[in-house]
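What follows is a single structure, written as structure tokens, with notes after it.
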Ligand SMILES: Nc1ncnc2c1ncn2[C@@H]1O[C@H](COP(=O)(O)OP(=O)(O)OP(=O)(O)O)[C@@H](O)[C@H]1O
Ligand SMILES: [Mg+2]
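Chains as they are written, first to last, in our numbering: chain A, 1 to 257; chain B, 1 to 367.
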């Protein structure tokens, strides 16, 4: 097993996510081919790969935004099936942050954050709002609570989106290219928030091309191409000593910049 | 190099702003534009003063018989409208019971006032009261029969009262029904989807006149002998179903404009289908289509005049009936102008209200 980068980022032996021989098709198109993945509690996994390789599809299968057709996905002991109860159970455990934030534009920042705790966790409104404020403080934008998402910068919006997910008190966080819609000067503030989250022991799966983030935070990097996991290694090894030609090609392309 | 001295703010040249600038830019910017402006002014000159003269200056307001009007034929005969006013408002409702209609409408207005007051916080509760309890109270008042109130058959209801009742019922029923149909049409469930599509396409495909005619003439043929099914109720159901099909398509337009990410974010947070619709999707979609919704309401309001063909006497029908009064022959222009004015006031109010609502709900850009 991989060495924890810092004592704070300890990895335990509990398996949080398990994908066993997962396949998925869009019509005739085979997007995910025999995906096998085990994620332990507290792991920070970065997923990279060329466009169209199925990275988003894979992590979206984990909270059932996409349906897999073959194989097994088990999240925190619950298997994803057509059973709505299982899906609801898993969605309570899994938070997701999107490339385009997907905040609710008709609700204030505070309402965005308190909504799911109130309606899904049945928390009293006051308690939910107090908790939302706590998380907004954690992502360092408590002063924006009464504003609407449309009045915030991209980086601020993404941090609200992170706070909104955290308000559901998830044990796993999925990130799908959280910084790729942001201007360079805002990328750092979002990455800093994510680093803090990693240090708090959150299990994280993160699709990103931010290799600096991968090096400092991830304990494993997964490389996907053509719907398959091609390579999987510790960041150090992955970047300095890639095994497959496709990985080498990909790394040479993204590290040029 | 000289030292920079800051420029003071100067007023813009007179020719580019203010009344003169506006006139120049908008009305006389080119020879063609100038010609159009002059032509429009000429048309206004030819039509507006005579109209004002007819409607106000030379108009006959007083008198209970047509003699006054006959003596002064160059002005409008508002005396005709005045004499018939009560019937235009209340139809054939017994005069001694007018207070019941006034009370019902007054009550509604009083109940609705707090909805427009910013500080009032129990709006949801009040709205629920208006939608659930008020119709029962109003029905008791209009129809009577209980609490010592004289019973008044629906065939006696008429005039503006009837127009308002039909529109209110149509509006209140068609919006929720339309929303359900729109959601149904976008559902993944094949049966729900087909039922919604068939329903919407059927009702959109037939003219309202046909619907009303069917409801009034054909329906009783299919119902078992002796079942009494109020004609007004049938018209209400017909109008509500007909308009809900239009409403469904308006709402569907809004639903389609909501980005997929909104659905996904709601799902990822664990919100159920109904919660994500009710809390996330519909509030945004409906806000987006307020102009379309109000447009449908306005069309519905005016379409209620069609109930004339099944023998219900709405405002327009009451006015047309008055034309046949042998004591007041020949004043149809006044009647129609009065009808137009009333309809315009209501429709214009709805339009203004929708604009105010849009402004109030505006929360910045979607993204
Ligand atoms: N709803 C869909 N229907 C059909 N094909 C789809 C759908 N969504 C994605 N695809 C296809 O599946 C493949 C994988 O898509 P996916 O979004 O998972 O790629 P990705 O690795 O996230 O790429 P990117 O880096 O561009 O986000 C792509 O070829 C894409 O065209
Ligand atoms: Mg993607």
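Where a beta carbon is used, it is the ideal one built from N, C-alpha and C, also for glycine.
- Those residues of the stretch 22-34 of chain B placed with their C-beta closer than 8 Å to a C-beta in chain A do not exist.
- Put simply, the residues with a CB less than 5 Å from any heavy atom of ligand 1 are 26/A, 31/A, 51/A, 52/A, 53/A, 54/A, 55/A, 56/A and 57/A, in chain order.
- Under the three-state reduction of DSSP, residue 157/B is assigned to strand.
- Proximity of chain B to residue 218/A at the Cβ level (cut-off 7 Å) is not reached, the minimal Cβ distance being about 22 Å.
- Within chain A, no residue has its CB atom less than 7 Å from the CB of residue 231/B, the nearest being about 43 Å off.
- Against chain B, a Cβ distance below 7 Å from residue 124/A picks out nothing, because the smallest value is about 17 Å.
- A straight-line Cα-Cα distance of about 40 Å links residue 54/B and residue 153/B.
- The C-alpha of residue 130/B lies about 8 Å from the C-alpha of residue 108/B.
- At a threshold of 7 Å, residue 207/A counts as near ligand 2, since its beta carbon sits closer than that to one of the ligand's heavy atoms.
- Interface criterion met: the Cβ of residue 267/B is under 8 Å from a Cβ in chain A.
- Here residue 149/A is near residue 157/A, since their CB atoms are less than 8 Å apart.
- By DSSP's assignment, residue 204/A forms a beta bridge with 44/A and 173/A.
- Placement of the Cβ of residue 88/A at a distance of 7 Å or more from every heavy atom of ligand 2 is found.
- The residues 234, 235, 237, 238 and 310, in chain order, have a CB closer than 8 Å to that of residue 215/B in the same chain once the five nearest residues on each side in sequence are set aside.
- In this structure residue 351/B touches residue 294/B by the C-beta definition: roughly 6 Å separates them, less than 8 Å.
- Scanning chain A for C-beta atoms nearer than 7 Å to the C-beta of residue 279/B yields 115 and 119, reported in chain order.
- Contact check for residue 193/A and residue 162/A: beta-carbon distance about 6 Å, within the 8 Å limit, so the pair qualifies.
- Interface criterion met: the Cβ of residue 91/A is under 8 Å from a Cβ in chain B.
- Within 8 Å of the CB of residue 65/A, the CB atoms of chain B belong to 264, 267 and 268, in sequence order along the chain.
- When DSSP states are grouped into helix, strand and coil, residue 112/A belongs to the helix group.
- For the C-beta of residue 261/B, the chain A residues within less than 7 Å are, from N- to C-terminus, 98, 100 and 102.
- In the same chain as residue 78/B, and ignoring 5 residues on each side of it, the C-beta atoms closer than 6 Å to its own belong to 59 and 61, in chain order.
- Taking 8 Å as the threshold, the shortest C-beta distance from residue 275/B to chain A falls below it.
- For residue 283/B, the chain A residues whose C-beta falls within less than 7 Å of its own C-beta are 106, listed in chain order.
- Listed by position along chain B, the residues whose Cβ is nearer than 7 Å to that of residue 88/A are 270.
- Contact check for residue 46/A against residue 221/A passes: the beta carbons are separated by less than 8 Å.
- For residue 358/B, no beta strand (DSSP E) run applies; the uninterrupted alpha helix (DSSP H) run containing it begins and ends at 332-361, by DSSP.
- Residue 303/B is not a Cβ neighbour of residue 158/B, given a cutoff of 8 Å.
- A buried status is given to residue 53/A, since no fewer than 16 other beta-carbon atoms sit within 10 Å of its beta-carbon.
- Between ligand 2 and residue 176/A, a heavy atom-to-CB distance of less than 7 Å is present.
- Shown here, residue 192/A sits in a helix according to DSSP, grouped into three states.
- Residue 123/B is outside the set of residues whose beta carbon lies under 8 Å from a beta carbon in chain A.
- Among the residues of the stretch 156-184 of chain A, those with a Cβ less than 7 Å away from any Cβ of chain B are 168, in the order of the chain.
- Contact of residue 287/B with chain A is assigned, a C-beta pair being separated by under 8 Å.
- Approximately 15 Å separates the beta-carbon atoms of residue 245/B and residue 209/B; this is outside 8 Å, ruling out the contact.
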